[in-house]
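Protein chains in written order, with full-length UniProt numbering: chain W, 1 to 333; chain B, 1 to 333.
Everything below concerns the one structure shown next.
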DNA sequence: GTGAAAGCGCTAACAC
DNA sequence: GTGTTAGCGCTTTCAC
């Protein structure tokens with residue numbers, strides 16, 4: 001059986017209170033007693049029972065991270081950074097996967113709560129505004145990434161409209177005139193914003209918006225990017241530049257182009273979004289929008305922690321984290 | 001404040017015991033009472049306080065998963081599957097990242113314990129046998145993947161020697177005669193096993209083991225694969241086939257070959273290991289050893305759960321899960 | 001079948 | 001400064 005406070009107290013010949021004081025770093029303990037307690041602590045190898053401590057404190061000591069799927073590189077990378085940021089501050093993180101379905105997202109939101117975690121970072125894919133009502137039993141929630149729904153909770157994200165515009169402007173500056181977009185999807189929050197940036201950049205460059213150059217994508221996986229690209233290449237007048245709404249779509253597009261015997265960027269230049277680690281090694285390496293994921297993770301953790309402690313109790317805020325355009329072979333050359 | 005059992009009991013006009021019985025699905029409750037409790041439950045939106053329940057039960061309700069880094073695709077994918085398998089059985093999973101350093105692995109192992117989690121799946125990279133002594137406060141531990149250290153704890157893994165042999169035999173059957181290996185690293189458990197499989201396949205094919213064709217890799221990332229491949233291509237007699245100890249190394253190797261203006265598989269055929277999702281979309285798509293990751297996750301979760309419940313109390317066992325060779329463009333020509 | 005009460009390990013009043 | 005004690009919310013004997 002595990003060593004309890006009581007065991008240590010008995011061994012040291014003091015009360016549990018004194019042991020508790022030492023364990024919790026309370027300053028005013030008689031040196032003599034402190035020494036004896038510390039000895040007993042070492043001798044028994046005591047480790048506090050977090051469950052009991054938190055039950056008493058009304059805390060759980062855990063944070064939750066809700067993401068669609070960890071096998072999607074963006075989320076794997078983000079989760080890694082969130083874990084790191086949380087660990088630095090002494091929090092443990094529970095990861096919940098939703099597969100990006102509204103139902104699972106809603107369930108997860110409800111299952112989260114004060115009894116399980118003290119706060120949560122959520123990256124919803126399909127949640128509607130109403131789903132947030134009274135969700136998670138009132139614990140602090142921070143939303144990751146931009147979303148179509150407008151709910152009054154904290155958010156941390158990059159400026160998706162500006163990022164998309166930057167990507168498309170880059171293609172335009174390369175002299176591309178028929179610039180396509182892959183990833184339109186009304187169900188996704190970011191799609192709307194990236195579409196807006198796409199259109200802004202087009203008009204900025206004096207290019208007109210062409211319906212047939214906008215390829216929808218049901219999901220943002222590699223295979224969907226390949227399929228969408230194939231369709232674009234089948235057009236009577238195929239595009240000479242493509243902005244993909246994420247790197248996975250772009251990787252798929254790269255393959256579709258290669259399978260047609262065409263060359264990137266010679267025949268068609270491609271830009272992605274997310275800067276997955278794999279994108280620096282694709283052939284050709286992918287030009288992409290690189291969100292500062294570490295900054296995003298830090299900001300989100302920081303915010304949720306401050307909400308939990310009550311350090312911050314301003315109205316919900318929207319934190320913007322930086323991004324950059326990473327120019328690589330797929331638009332160079 | 002959250003609704004407690006007592007609140008529900010008061011509202012329903014019964015004792016906490018009865019409510020507890022209903023909540024826990026105890027069969028023998030007077031229908032009348034059951035109805036009233038269920039109404040009160042619904043009216044209050046009661047959710048049990050897991051912390052309290054587990055404190056009482058002497059459980060935490062959590063499992064831990066220790067991995068090097070989630071941004072490495074293999075671990076991202078594996079973690080996703082572990083989470084899924086755990087969720088099916090009603091467990092929450094705490095993920096701990098170690099960056100693959102022995103110190104962090106040791107710390108993590110110690111910090112895990114009965115007060116935090118009820119059991120753990122660990123994928124160590126650098127741990128030594130002695131580090132396991134009395135680790136994790138005696139909770140059930142299941143090791144993921146093969147390792148050099150021989151400690152008496154449960155393990156779930158594929159047969160790495162056989163898998164490596166299969167990969168190299170495939171290259172030999174293609175007629176390749178100078179088959180290189182990338183990834184030798186004495187500090188890594190699996191390296192030894194994959195080297196063994198490599199040698200077995202060579203001698204099986206009547207090829208001799210050539211020292212210079214074995215390229216070490218400090219880490220198993222893409223950049224290291226590229227560097228190792230460059231060195232191999234600089235050899236007076238470069239290889240015509242390469243077995244990389246994981247897909248990331250292989251992806252790096254692909255790039256190194258392309259940068260030299262050579263072609264895969266025409267000039268050199270390449271086989272990887274892990275079957276990361278990205279490997280089906282690289283150019284060319286990568287032939288690779290595909291461990292059944294879902295089976296691995298399921299087996300590991302199953303085992304740790306059975307240890308926790310005491311359902312299984314046999315000596316530590318070694319479970320082997322299946323793998324296959326996924327033949328793609330990088331060896332098909 | 002159901003209620004009363006003890007107690008899981010810990011912290012925080014409150015006395016001394 | 002330190003000990004005693006009352007719970008945090010839950011499960012679980014043990015009576016009834």
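By construction, the Cβ of each residue, glycine as well, lies at the ideal position given by its N, Cα and C atoms.
Only a predicted model underlies this, so the values are computations on that prediction, with no experimental measurement involved.
Tell whether a beta-carbon distance below 9 angstroms holds between residue i and residue j.
{"i": "residue 228(B)", "j": "residue 217(B)", "result": "yes"}
{"i": "residue 189(W)", "j": "residue 226(W)", "result": "no"}
{"i": "residue 145(W)", "j": "residue 123(W)", "result": "yes"}
{"i": "residue 76(B)", "j": "residue 300(W)", "result": "no"}
{"i": "residue 117(W)", "j": "residue 63(W)", "result": "yes"}
{"i": "residue 98(B)", "j": "residue 66(B)", "result": "yes"}
{"i": "residue 286(W)", "j": "residue 270(W)", "result": "yes"}
{"i": "residue 306(W)", "j": "residue 255(W)", "result": "no"}
{"i": "residue 334(W)", "j": "residue 165(W)", "result": "A query on residue 334(W) cannot be resolved here, the shown segment of chain W reaching from 1 to 333 and no further."}
{"i": "residue 390(B)", "j": "residue 5(B)", "result": "Residue 390(B) is absent from the structure shown; chain B starts at 1 and stops at 333."}
{"i": "residue 326(B)", "j": "residue 290(B)", "result": "yes"}
{"i": "residue 178(B)", "j": "residue 213(B)", "result": "yes"}
{"i": "residue 281(B)", "j": "residue 167(B)", "result": "no"}
{"i": "residue 162(W)", "j": "residue 241(W)", "result": "no"}
{"i": "residue 245(W)", "j": "residue 176(W)", "result": "no"}
{"i": "residue 52(W)", "j": "residue 11(W)", "result": "no"}
{"i": "residue 268(W)", "j": "residue 239(W)", "result": "yes"}
{"i": "residue 273(W)", "j": "residue 247(W)", "result": "yes"}
{"i": "residue 55(B)", "j": "residue 232(W)", "result": "no"}
Helix, strand or coil: how does DSSP classify residue i here?
{"i": "residue 98(B)", "result": "coil"}
{"i": "residue 31(W)", "result": "helix"}
{"i": "residue 69(W)", "result": "coil"}
{"i": "residue 208(W)", "result": "coil"}
{"i": "residue 118(W)", "result": "coil"}
{"i": "residue 182(B)", "result": "strand"}
{"i": "residue 266(W)", "result": "coil"}
{"i": "residue 241(B)", "result": "strand"}
{"i": "residue 63(B)", "result": "strand"}
{"i": "residue 249(W)", "result": "helix"}
{"i": "residue 320(B)", "result": "strand"}
{"i": "residue 274(W)", "result": "coil"}
{"i": "residue 259(B)", "result": "helix"}
{"i": "residue 288(B)", "result": "strand"}
{"i": "residue 332(B)", "result": "coil"}
{"i": "residue 149(B)", "result": "coil"}
{"i": "residue 177(W)", "result": "coil"}
{"i": "residue 326(B)", "result": "strand"}
{"i": "residue 78(B)", "result": "helix"}
{"i": "residue 112(W)", "result": "coil"}
{"i": "residue 131(B)", "result": "helix"}
{"i": "residue 334(W)", "result": "Any question about residue 334(W) goes unanswered here, given that chain W covers just 1 to 333."}
{"i": "residue 126(B)", "result": "coil"}
Thinking residue i and residue j are a contact (beta carbons under 8 angstroms), I'd like their distance in whole angstroms, please.
{"i": "residue 215(B)", "j": "residue 172(B)", "result": "No, residue 215(B) and residue 172(B) are not in contact; Cβ-Cβ is about 18 angstroms, not under 8 angstroms."}
{"i": "residue 105(B)", "j": "residue 127(B)", "result": "5 angstroms"}
{"i": "residue 73(B)", "j": "residue 276(B)", "result": "4 angstroms"}
{"i": "residue 264(B)", "j": "residue 121(B)", "result": "Between residue 121(B) and residue 264(B) the Cβ distance is about 35 angstroms, and since that is not below 8 angstroms, they are no contact."}
{"i": "residue 113(B)", "j": "residue 139(B)", "result": "6 angstroms"}
{"i": "residue 249(B)", "j": "residue 206(B)", "result": "Going by Cβ atoms, the distance from residue 249(B) to residue 206(B) rounds to 26 angstroms, so no, they are not a contact pair."}
{"i": "residue 317(B)", "j": "residue 157(B)", "result": "That belief does not hold up - the Cβ atoms of residue 317(B) and residue 157(B) are roughly 12 angstroms apart, past 8 angstroms."}
{"i": "residue 129(W)", "j": "residue 150(W)", "result": "6 angstroms"}
{"i": "residue 278(W)", "j": "residue 278(B)", "result": "5 angstroms"}
{"i": "residue 60(B)", "j": "residue 115(B)", "result": "7 angstroms"}
{"i": "residue 9(B)", "j": "residue 3(B)", "result": "With a Cβ gap of about 11 angstroms, residue 9(B) and residue 3(B) do not count as contacting."}
Would you call residue i buried or exposed, if buried means 16 or more other Cβ atoms sit within 10 Å of its Cβ?
{"i": "residue 45(B)", "result": "exposed"}
{"i": "residue 311(B)", "result": "exposed"}
{"i": "residue 198(B)", "result": "buried"}
{"i": "residue 40(W)", "result": "buried"}
{"i": "residue 58(B)", "result": "exposed"}
{"i": "residue 208(B)", "result": "exposed"}
{"i": "residue 25(W)", "result": "exposed"}
{"i": "residue 50(B)", "result": "buried"}
{"i": "residue 309(W)", "result": "exposed"}
{"i": "residue 323(B)", "result": "buried"}
{"i": "residue 336(B)", "result": "Any question about residue 336(B) goes unanswered here, given that chain B covers just 1 to 333."}
{"i": "residue 352(W)", "result": "Given a span of 1 to 333 for chain W in the structure shown, any question on residue 352(W) remains unanswerable."}
{"i": "residue 100(W)", "result": "buried"}
At which residue ranges does the UniProt domain "HTH lacI-type" (3 to 57) of chain B contain complete beta strand (DSSP E) runs of 3 or more residues, listed in the order of the chain? Taking 3 residues as the shortest admissible run, the UniProt domain "HTH lacI-type" (3 to 57) of chain B contains no complete beta strand (DSSP E) segment at all.
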